[in-house]
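Okay, so here's the structure we're looking at.
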Amino acid sequence: MSATPGEEVILDRTGAVVLPDLQRARGIWGNFKGLMFRKTIPAGYGLLFAPAQGIHTQFMRFPIDLIFLDKTDRVTKVHAAIPPWRFDVTRAAAVIECLPGTAAERDIRPGDQLTIRPRSLS
Numbered sequence: 068m069s070a071t072p073g074e075e076v077i078l079d080r081t082g083a084v085v086l087p088d089l090q091r092a093r094g095i096w097g098n099f100k101g102l103m104f105r106k107t108i109p110a111g112y113g114l115l116f117a118p119a120q121g122i123h124t125q126f127m128r129f130p131i132d133l134i135f136l137d138k139t140d141r142v143t144k145v146h147a148a149i150p151p152w153r154f155d156v157t158r159a160a161a162v163i164e165c166l167p168g169t170a171a172e173r174d175i176r177p178g179d180q181l182t183i184r185p186r187s188l189s
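Counting from 68, one number per residue, gives the positions in the sequence shown under this note's numbering.
This is how it looks when you write it as structure tokens:
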């Protein structure tokens, strides 16, 4: 099994790389499992679900930020520090799960345009 090269997320308003390590949830199991059972994730890591017909934090060991996107990767909603054992049925073209505090620390807010691109090698 080969590793996926990953992507990065740019906040267009500032040009800053706000998530340098974005991975996509793939397949039924990947979409269901998400970040379940992990003890933690590194700073700057995000997991993208597309489409997002609802997100759960069942079996999570830590809270997460949820960044909801429309089909053009514009932020429609941000939910900060969602604790384990919660459900969110917000429908979105995509949602990014990341460490709690990520959205606030990187000043990601509704209305922001994001660009998702292959990760830079530099």
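Backbone N, C-alpha and C fix where the C-beta goes; we use that ideal spot for every residue, glycine too.
Where does residue i land, buried or exposed, given buried means 16+ other C-beta within 10 angstroms?
i	result
G168	exposed
R173	buried
F116	buried
State the CB to CB distance for the pair residue i and residue j, rounded to an integer number of angstroms; the pair is presumed to be in contact (CB under 8 Å).
i	j	result
T124	I131	6 Å
R184	E75	6 Å
V142	G178	6 Å
L166	I122	About 15 Å; that fails the 8 Å criterion.
A160	L136	6 Å
Terminal residues of the continuous alpha helix (DSSP H) containing residue i?
i	result
A171	169-172
Rounded to whole angstroms, what is the Cα-Cα separation between residue i and residue j?
i	j	result
V85	K106	22 Å
M127	A147	15 Å
R80	E164	21 Å
Q90	W152	23 Å
Taking residue i as part of the beta strand (DSSP E), name the residues at either end of that continuous run.
i	result
I108	Looking at the DSSP string, I108 is not in any beta strand (DSSP E), and its letter there is neither H nor E.
A83	83-91
I77	74-78
L181	181-185
Legend entry - 3-residue-minimum beta strand (DSSP E) runs that sit fully inside the stretch 112-161, ordered along the chain: 112-116, 131-136, 142-149
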